[in-house]
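Enquirer: Protein sequences, first through last, are from chains A and B.
Everything in the first sequence is counted per the working numbering, starting at 1 for the first residue and increasing by one.
Everything in the second sequence is counted per the working numbering, starting at 346 for the first residue and increasing by one.
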Amino acid sequence: MSTPAIAARLASTRRRSDRIGDRALVGLTAGASIAIIALIGLIIYDIVDKASPAMSHFGLAFLGHTTWNGFTQFGAGAMIFGTVVTSFGALVIAGPLGIAIGLFLSLLSTSRIAAVIGPLVELLAAVPSVIIGLWGIVVLDPVMRTTIQPALSTVLGWIPIFAKPAIGYAGSGIFTAIIILAIMALPIIAAITRDLFLTVPRELKDGALALGATQWEMIRGVVLSSMRPGIASACILGLARALGEAIAVVQVIGNVFQITPSLFNNGNTLAANIALKGIENNTHLETASIFYLAAVLLVIELLVNLAAQGIVRRYRLADVTSGSGKKPARPTSTTTPIAVTAAKD
Amino acid sequence: MAAIDYARPLTPSGNLRRRRAMDRLMRYGCTLAAIIAVGILVLFIEAIVQRGASVISWSFLTENPNESFGFHTAVGGIGNAIIGSAVICAIATVIAMPIGVLIALFLSEFATPRIANPVRLALDLLYGLPSIVLAIFVYGALVYGVGQSGFDASLALAMIMIPLIARTTGESLSLVPQELRDASHALGISRWRTTLGMTIPSALGGIVTGTVLAVARAAGETAPMLLLTSYANNPVTTGFNPFGPLNNIPYDIFNFSEEGGPTNIAKSWGAALVLIAFVLIANIVARALHARSRRMITR
Numbered sequence: 001m002s003t004p005a006i007a008a009r010l011a012s013t014r015r016r017s018d019r020i021g022d023r024a025l026v027g028l029t030a031g032a033s034i035a036i037i038a039l040i041g042l043i044i045y046d047i048v049d050k051a052s053p054a055m056s057h058f059g060l061a062f063l064g065h066t067t068w069n070g071f072t073q074f075g076a077g078a079m080i081f082g083t084v085v086t087s088f089g090a091l092v093i094a095g096p097l098g099i100a101i102g103l104f105l106s107l108l109s110t111s112r113i114a115a116v117i118g119p120l121v122e123l124l125a126a127v128p129s130v131i132i133g134l135w136g137i138v139v140l141d142p143v144m145r146t147t148i149q150p151a152l153s154t155v156l157g158w159i160p161i162f163a164k165p166a167i168g169y170a171g172s173g174i175f176t177a178i179i180i181l182a183i184m185a186l187p188i189i190a191a192i193t194r195d196l197f198l199t200v201p202r203e204l205k206d207g208a209l210a211l212g213a214t215q216w217e218m219i220r221g222v223v224l225s226s227m228r229p230g231i232a233s234a235c236i237l238g239l240a241r242a243l244g245e246a247i248a249v250v251q252v253i254g255n256v257f258q259i260t261p262s263l264f265n266n267g268n269t270l271a272a273n274i275a276l277k278g279i280e281n282n283t284h285l286e287t288a289s290i291f292y293l294a295a296v297l298l299v300i301e302l303l304v305n306l307a308a309q310g311i312v313r314r315y316r317l318a319d320v321t322s323g324s325g326k327k328p329a330r331p332t333s334t335t336t337p338i339a340v341t342a343a344k345d
Numbered sequence: 346m347a348a349i350d351y352a353r354p355l356t357p358s359g360n361l362r363r364r365r366a367m368d369r370l371m372r373y374g375c376t377l378a379a380i381i382a383v384g385i386l387v388l389f390i391e392a393i394v395q396r397g398a399s400v401i402s403w404s405f406l407t408e409n410p411n412e413s414f415g416f417h418t419a420v421g422g423i424g425n426a427i428i429g430s431a432v433i434c435a436i437a438t439v440i441a442m443p444i445g446v447l448i449a450l451f452l453s454e455f456a457t458p459r460i461a462n463p464v465r466l467a468l469d470l471l472y473g474l475p476s477i478v479l480a481i482f483v484y485g486a487l488v489y490g491v492g493q494s495g496f497d498a499s500l501a502l503a504m505i506m507i508p509l510i511a512r513t514t515g516e517s518l519s520l521v522p523q524e525l526r527d528a529s530h531a532l533g534i535s536r537w538r539t540t541l542g543m544t545i546p547s548a549l550g551g552i553v554t555g556t557v558l559a560v561a562r563a564a565g566e567t568a569p570m571l572l573l574t575s576y577a578n579n580p581v582t583t584g585f586n587p588f589g590p591l592n593n594i595p596y597d598i599f600n601f602s603e604e605g606g607p608t609n610i611a612k613s614w615g616a617a618l619v620l621i622a623f624v625l626i627a628n629i630v631a632r633a634l635h636a637r638s639r640r641m642i643t644r
């Protein structure tokens, strides 16, 4: 065979294999990507589908009912109350603390100290929630019972949320769950706000300092005010973490269906009750009701996550359209940086 | 106008003094917040090591829980839980790693922004969904009316791992210089050969980092284990079969702590020590790998 013929044959085989190879690779990657979109759809469809018997039986009144008797009457009211109180309570504690840590790591400490403290804060996010729950039962509960609750009830007992708990208070309850959830949301908020604050342009910070502002005035006037949307989305992501936590809450909240003003009483949350009741042998209606709870939680989580995404997207748009033509020094991460791998159940 | 006291030292007064005090207060406050966060981590580790170390022994790590009348007695260990966790996580990794890498490849190499945006959103949403929701989804789809299995738990863990692996892989793919791809194309090498022969090997560090982090995260997930593979202690066996329920470490910790009693709580701490040691070591390894691969790519 002549050399040109061989060359021509080689070229044609290469083209064929390349054509197949290129198509196969693009097809595989596109297939996996479409599958992930389909999975989100399937999760929503399947949970709502499994919940439909309870939805048609109870309707929207399910959301307001506070009874869960295991036979005929199921309602999510007490759990929605518990979920909202515990996760917003956690946000009240973890939000300011997390932002403060973000400020410390990005602006106030030396880079050498930040290189040590930063990873440690991120490691806190890696502690599995079941271990935090175990710590809550064994270590935190007794401290709550002997120290924190008496102190708060004595000083602030006139406020209903700090009123004395029912007799037999063992340390577990809504306030304990709030502390546990705050510990889980804290590293998420800290890591995101730190990355956010690192993107503030140096000229702005230096400008404020050159005008005679103290460091705190620079932070308040330049950093915090310009990063408000990002801080909001960081807090929302921390909130999302607290809303969906199941295991550690089961361990410390006491699992009682009630709506009480005092944070020292037992309570329940959506996620915790799904975990707790999901493993029992249930009637058909109770199983459907558990899926109804899951559907409520799913809707809340999707809305909260979309809100965080939406804020970041709009904010980025504003950043691009502001005409400064400058990209941030480090890309703003909408979600947790890779090192933060919080256990999330 | 007040007379000027020339002998007075040059210290801030009045308004400036107040501003300085405020500044100091806030800076100390931020430092204190960081100390609190590190302090909590130290408290956790101290509690786990102090209470768990005395429980750890060779027999604790290798023997199965010894059940009598349905309660765990002092004897027995978490041997089957370690094996079960390893099997479940291994299967989850085998499922999640290729899918995560493929999605990252699609996003960085092939997708137009119009297709990439919904995929990114889906990944972020999957990342944001609580594991209890993923667990109850798998429960409804595969377990309800059928029975639990370790494989079901692996599927739920894979859903947790995919976004993590895809994100870390994507970050490291974005660090591969565009010049390398251009050079490969200029040599007439097709896209798939470029991708498999050049892009993926360059980003391998990121892929491994993401996988290690995802495994560390999945190993501690409890909600999927509780719903999908928790009846394992009944009967107590050393199981390798993922199509039956498998015991696992997170469930052991949860179960012992819920049953209560000094011996169970002690075993809970022992299992917690095993789990936290694995998670911390995996995180440190991933961090080292991450730094190394960044250096190798950006050199």
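Yeah, the Cβ is synthetic: ideal placement off N, Cα and C, and Gly gets one too.
Predicted model, so just to flag it, every value in this text is computed and none were measured.
Which residue's Cα is closest to the Cα of A126 (chain A): B:A636, B:G605, B:G359 and B:G565?
Expert: With distances taken between Cα atoms, A126 (chain A) lies closest to B:G565.
Enquirer: Taking all protein chains shown into account, decide if F71 (chain A) is buried (16 or more other Cβ within 10 angstroms of its Cβ) or exposed.
Expert: By the 10 Å Cβ count, F71 (chain A) comes out exposed.
Enquirer: Out of A:E217, A:T193, A:I279 and A:R194, point me to the one whose CA is closest to L204 (chain A)'s CA.
Expert: Checking every option, the nearest Cα to that of L204 (chain A) belongs to A:E217.
Enquirer: Step through the CB atoms of chain A and report whether any lies within less than 8 Å of the CB of S430 (chain B).
Expert: Chain A contact via Cβ: absent.
Enquirer: Give the interface partners of Y565 (chain B) over in chain A, defined as CB-CB distance under 9 Å, in chain order.
Expert: According to the sequence as given, residue 565 (chain B) is Gly; it is not Tyr. Within 9 Å Cβ-Cβ: A126, V127, P128, S129, V130, I131, A343 and D345.
Enquirer: Starting from the Cα of W403 (chain B), find the closest Cα among B:H530, B:S494, B:L388 and B:V619 and give me that residue.
Expert: Closest by alpha carbon: B:V619.
Enquirer: Does the stretch 88 to 98 of chain A come close enough to the stretch 227 to 240 of chain A to have 3 or more Cβ pairs within less than 8 Å?
Expert: With the cut-off at 8 Å, the stretch 88 to 98 of chain A and the stretch 227 to 240 of chain A touch.
Enquirer: Considering L452 (chain B), what are the terminal residues of the alpha helix (DSSP H) in which it resides?
Expert: Counting along the chain, L452 (chain B) falls outside any alpha helix (DSSP H), and DSSP gives it neither H nor E.
Enquirer: Mind checking T147 (chain A): buried by the 16 CB within 10 Å criterion, or exposed?
Expert: With fewer than 16 Cβ atoms within 10 Å of its Cβ, T147 (chain A) is classed as exposed.
Enquirer: State the beta-bridge partners of F74 (chain A) as determined by DSSP.
Expert: According to DSSP, F74 (chain A) bridges with A:W68.
Enquirer: Please return the same chain residues whose Cβ sits closer than 7 Å to the Cβ of A477 (chain B), not counting the five positions on each side in sequence.
Expert: Rather than Ala, the amino acid found at residue 477 (chain B) in this sequence is Ile. The residues are A568.
Enquirer: Tell me, please, whether the CB atom of L123 (chain A) is closer than 8 Å to any CB atom in chain B?
Expert: Yes, L123 (chain A) counts as interfacial toward chain B.
Enquirer: Taking only beta-carbon positions, decide if W653 (chain B) is within less than 8 Å of chain A.
Expert: Here chain B comprises residues numbered 346 to 644, so residue 653 (chain B) is not present and cannot be evaluated.
Enquirer: Please confirm if the stretch 433 to 451 of chain B is in contact with the stretch 506 to 513 of chain B, defined as three or more CB-CB distances below 8 Å between the two stretches.
Expert: Output reads yes: the stretch 506 to 513 of chain B touches the stretch 433 to 451 of chain B.
Enquirer: Note down the Cα distance separating L186 (chain A) from S535 (chain B), rounded to an integer number of angstroms.
Expert: Straight-line Cα distance between these residues: approximately 47 Å.
Enquirer: Does P201 (chain A) come out as helix, strand or coil in the three-state DSSP assignment?
Expert: Of the three classes helix, strand and coil, the one that applies to P201 (chain A) here is coil, per DSSP.
Enquirer: Within 10 Å of its beta-carbon, does G492 (chain B) have 16 or more other beta-carbons around it, so buried, or fewer, so exposed?
Expert: Flag for G492 (chain B) reads exposed.
Enquirer: Nearest to V483 (chain B) by CA position, among A:T269, A:R19, A:Y45 and A:L140, is which residue?
Expert: Of the candidates A:T269, A:R19, A:Y45 and A:L140, the one whose C-alpha sits nearest the C-alpha of V483 (chain B) is A:Y45.
Enquirer: If contacts are defined as beta-carbon pairs under 8 Å, then S109 (chain A) and I117 (chain A) qualify, I think. What distance do you get, rounded to the angstrom?
Expert: Right, the Cβ-Cβ distance comes to about 7 Å (below 8 Å), so this counts as a contact.
Enquirer: Spell out the partners DSSP gives G495 (chain B) in its beta bridges.
Expert: DSSP, once it has assigned bridges, lists no residue as partnering G495 (chain B).
Enquirer: Is it right to say L355 (chain B) is buried, meaning 16 or more other beta carbons lie within 10 angstroms of its own, or is it exposed?
Expert: It is exposed - the Cβ of L355 (chain B) has fewer than 16 other Cβ atoms within 10 Å.
Enquirer: From B:D350, B:G445 and B:Q395, pick the residue whose C-alpha is nearest to that of S517 (chain B); which is it?
Expert: Closest option to S517 (chain B), Cα to Cα, is B:G445.
Enquirer: If you run the structure through DSSP and keep just helix, strand and coil, what is G445 (chain B)?
Expert: If DSSP states are grouped into helix, strand and coil, G445 (chain B) belongs with the helices.
Enquirer: Starting from S602 (chain B) and walking both ways along the alpha helix (DSSP H), at which residues does that stretch end?
Expert: Element bounds for S602 (chain B): I594 to E604.
Enquirer: Could you have a look at L152 (chain A) and say whether DSSP puts it in helix, strand or coil?
Expert: DSSP places L152 (chain A) in helix when its eight states are reduced to three.
Enquirer: Can you pull the DSSP bridge partners for P410 (chain B)?
Expert: B:G421.
Enquirer: Using CA coordinates, which residue listed in A:A78, A:L152 and A:L60 is at the minimum distance from W68 (chain A)?
Expert: Per the Cα distances, A:A78.
Enquirer: Rounded to the nearest angstrom, what separates T66 (chain A) and G254 (chain A) at their Cα positions?
Expert: Their backbone Cα atoms lie some 16 Å apart in a straight line.
Enquirer: Run through DSSP, which three-state label would P354 (chain B) get?
Expert: P354 (chain B) falls in the coil class under three-state DSSP.
Enquirer: Among A:A166, A:L297 and A:S226, which one has its Cα closest to the Cα of A208 (chain A)?
Expert: Considering only alpha carbons, the answer is A:S226.
Enquirer: With a threshold of 8 Å between beta carbons, is Y484 (chain B) in contact with chain A?
Expert: Closer than 8 Å: yes.
Enquirer: Where does G207 (chain A) fall in DSSP's three states?
Expert: If DSSP states are grouped into helix, strand and coil, G207 (chain A) belongs with the helices.
Enquirer: What does the Cβ neighbour count give for A210 (chain A), buried or exposed, with the cut at 16 atoms within 10 Å?
Expert: Label assigned to A210 (chain A): exposed.
Enquirer: Count the CB pairs spanning the stretch 518 to 535 of chain B and the stretch 619 to 629 of chain B that are closer than 8 Å, and state whether there are at least three.
Expert: The stretch 518 to 535 of chain B vs the stretch 619 to 629 of chain B: no contact.
Enquirer: Comparing the CB of P607 (chain B) with every heavy atom of the ligand ZN, is any distance shorter than 7 Å?
Expert: With respect to the ligand ZN, the structure offers nothing, as it holds no ligand at all.
Enquirer: Among B:G374, B:D350, B:R396 and B:G485, which one has its Cα closest to the Cα of G278 (chain A)?
Expert: The shortest C-alpha separation from G278 (chain A) is found at B:G485.
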